[in-house]
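Take a look at the structure below.
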Ligand SMILES: Cc1ncc(COP(=O)(O)O)c(C=O)c1O
């Protein structure tokens with residue numbers, strides 16, 4: 033299940049060679065990649081803009097960017113936003129600018145692309161210190177320990193791409209503010225899925241999918257919120273929320289704004305229409321996604337199998353009792369028509385070897401039933417790690 037060539041898709045079913053499989057490895061959580069309203073809107077944008085005006089953003093930004101930034105700014109409730117092609121490019125260009133010759137406090141399980149941004153910052157003179165995953169106390173200890181050069185930047189994932197859990201952004205933001213540090217959050221997997229909480233919310237994911245900062249009812253004071261549109265919004269683009277002064281600075285200091293090719297017009301179009309669909313149907317889609325995810329989590333509960341997922345969000349890691357079983361487990365899933373992401377050693381530590389299920393709203397109920405059935409048979413054949421006591425978020 034690596035380096036697969038997908039020959040054809042039909043909804044969330046994919047064909048690899050002769051095998052049709054239900055795809056549980058997609059990050060298109062809202063199913064916008066297959067949404068007829070969004071697909072139908074793209075040709076009109078191509079007529080007006082061609083496929084790809086190739087100016088870097090500094091040279092010429094189609095007005096579509098202005099629209100997207102205005103709408104994103106309103107949606108997440110920040111002062112301003114800046115759109116660049118990918119999160120990777122944001123990390124590589126913005127982290128070094130923010131860190132300067134100061135100190136970065138890097139969560140040790142942060143996404144590889146954050147690490148790469150920090151490596152570049154190090155070459156440019158920053159010092160990097162690592163703190164333990166989800167451990168606000170460990171971060172505080174490092175911030176208190178001796179004098180660290182300013183500026184100080186704390187880098188974390190929002191919704192973690194492996195555990196499916198949300199970082200305690202409220203606690204991290206409090207500590208960052210107390211120590212005059214900036215909290216830099218990569219919410220690639222949270223934006224579009226979770227958002228502001230309200231009494232009339234349709235699911236525990238909250239409303240509007242406006243990301244982890246709003247989910248925790250936090251402000252953007254001392255917080256740089258970064259996310260992408262290539263997961264929930266099925267579009268090649270990314271953004272960061274920032275005050276206007278930082279946006280002005282990045283327009284001359286962040287190489288992707290100056291030199292990189294832009295997002296394709298089709299992606300700008302699917303972002304704009306996706307943001308409209310999010311306003312009209314997003315919460316109903318998220319309620320459906322929550323229900324489908326809960327069915328899979330309940331199945332693991334019944335099987336007595338451990339998953340680190342405490343949140344109910346649609347990323348479900350299933351670790352194996354014996355890491356040596358991973359090849360046979362992968363074959364079993366493939367032969368039974370289930371496509372997931374395998375997490376093999378040394379990509380993850382031996383105790384975490386297993387597979388990751390990602391649920392999207394475009395997975396049909398029949399596909400969810402098939403997954404539940406296959407998980408049951410898999411648990412009869414292989415040992416999964418036993419469930420541990422856990423408290424799920426409301
Ligand atoms: C947490 C996280 N950050 C960044 C990325 C990379 O995003 P992009 O494709 O926009 O560079 C990913 C993609 O898997 C991710 O999971």
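Numbering (this note's numbering), first residue to last: 33 to 426. Ideal Cβ placement from N, Cα and C applies to all residues, glycine included.
Unbroken alpha helix (DSSP H) runs of no fewer than 4 residues, entirely contained in the stretch 241-303, are found at 244-247, 276-285 and 287-291, following chain order. Residue 309 is not a Cβ neighbour of residue 77, given a cutoff of 7 Å. Under DSSP, residue 198 forms a beta bridge with 191. The beta carbons of residue 126 and residue 286 sit closer together than 7 Å. By the Cβ neighbour-count rule, residue 91 is exposed, with fewer than 16 other Cβ atoms within 10 Å of its own. Per DSSP, residue 81 lies in no beta strand (DSSP E) segment; the continuous alpha helix (DSSP H) that holds it begins and ends at 68-81. Using a cutoff of 6 Å, the CB of residue 260 counts as near ligand 1, since one of the ligand's heavy atoms is closer than that. Considering only 128, 96, 201 and 56, the residue with the shortest C-alpha distance to residue 302 is 96. In this model, residue 99 and residue 404 are separated by some 42 Å (Cα to Cα). Residue 45 carries a strand assignment under DSSP once its states are collapsed to helix, strand and coil. In this structure residue 83 is exposed. Its beta-carbon is surrounded by fewer than 16 other beta-carbon atoms within 10 angstroms. The beta carbon of residue 341 sits closer than 8 Å to the beta carbons of 195, 196, 197, 329, 347, 348 and 349 from its chain, once the five residues preceding and following it are set aside; these are given in chain order.
Counting the other CB atoms within 10 Å of its CB gives residue 283 a total below 16, which places it among the exposed residues. Taken through DSSP and simplified to helix, strand or coil, residue 371 comes out as strand.
Taking the Cα of residue 262 as reference, the smallest distance to any Cα among 401, 93 and 222 is reached at 222. C-alpha of residue 315 to C-alpha of residue 118: approximately 25 Å in a straight line. Under the 10 Å beta carbon count, residue 179 is surrounded by fewer than 16 other beta carbons and is classified as exposed. In this structure, the straight-line span from the alpha carbon of residue 185 to that of residue 311 is close to 33 Å. Residue 89 sits in coil when the DSSP states are folded into three classes, being neither helix nor strand.
For ligand 1, no non-hydrogen atom lies closer than 6 Å to the CB of residue 125. With 16 or more neighbouring CB atoms inside 10 Å of its own CB, residue 128 falls in the buried class. Comparing alpha carbon positions, the residue from 123, 345, 379 and 45 closest to residue 247 is 345. Contact check for residue 273 against residue 257 passes: the beta carbons are separated by less than 7 Å. Note on geometry: alpha-carbon atoms of residue 268 and residue 295 lie some 6 Å from one another. Pairing residue 66 with residue 58, the inter-Cα distance amounts to about 12 Å. Residue pairing by DSSP places residue 351 opposite 386 in a beta bridge.
For the pair residue 168 and residue 39, the Cα-to-Cα distance works out to about 45 Å.
Between the C-alpha atoms of residue 414 and residue 357 there is a straight-line separation of about 8 Å.
Annotation: the continuous beta strand (DSSP E) that includes residue 216 extends over 213-218. Taking a 10 Å sphere around the C-beta of residue 34, we find fewer than 16 other C-beta atoms and assign the residue as exposed.
If you look at residue 99, you'll find it in the alpha helix (DSSP H) that goes 95-108. Per DSSP, the continuous beta strand (DSSP E) segment holding residue 54 begins and ends at 51-55. At the C-beta level, residue 355 and residue 382 come within 7 Å of one another.
Around the beta carbon of residue 102, fewer than 16 other beta carbons lie within 10 angstroms, which makes this residue exposed.
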